[in-house]
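Numbering (UniProt numbering), first residue to last: 1 to 165.
Where a beta carbon is used, it is the ideal one built from N, C-alpha and C, also for glycine.
What you are looking at is a predicted structure, and each value in this text was computed from that prediction instead of being measured.
What follows is the structure in structure tokens.
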């Protein structure tokens, strides 16, 4: 019948064949789906890493844009402040210059008014002096008086003229 050596070879061949059948079955039903899931998981993780990297780059880009915008806003604010300062300094200088001009104009007007009133006062005084002189002269001529009477006449005339003023 069978020899032990034959049985061992048949048994070994049977075990090898069973092992390959089991290996093929495991490959088809176990390793295949597990490897597919592992590949999907690996692809999913790689996609998430790529998305995270893309998001990080976009956020860095956005952060840089924000920093640039802030820097630009600071520069614009600084420029606005400088312009406002220059403008206020120019306005202050203009106001001071206009005030000086107005002061000079008012001073000149006052001098002109004073000179006009002075000329009018001198003119009026001359008229009064000439009127007074004529009046005194006419009174002296009317009467030839001695010195005491002339002095009395002058005083009366001065009183009359003083009342008219």
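Expected contact under 8 angstroms - CB spacing of residue 157 and residue 136 to nearest Å
5 angstroms
Using the C-alpha atoms, what's the distance from residue 46 back to residue 28?
26 angstroms
Look at the alpha carbon of residue 50 and the alpha carbon of residue 21, and state the distance between them as a whole number of angstroms.
41 angstroms
Beta-carbon contacts of residue 1 that lie in its chain and below 6 angstroms, excluding the five residues immediately before and after:
Here the model assigns residue 1 a pLDDT of 49, short of 50, so the residue's position is not dependable, and the following value carries that caveat. Result list for residue 1: empty, nothing under 6 angstroms.
CA-CA distance, residue 95 and residue 86?
14 angstroms
By Cβ distance below 7 angstroms, which residues in the same chain neighbour residue 121 in space, the five residues on each side in sequence not counted?
none
Close-in-space but distant-in-sequence residues of the same chain around residue 75 (CB under 8 angstroms, 5 per side omitted):
none
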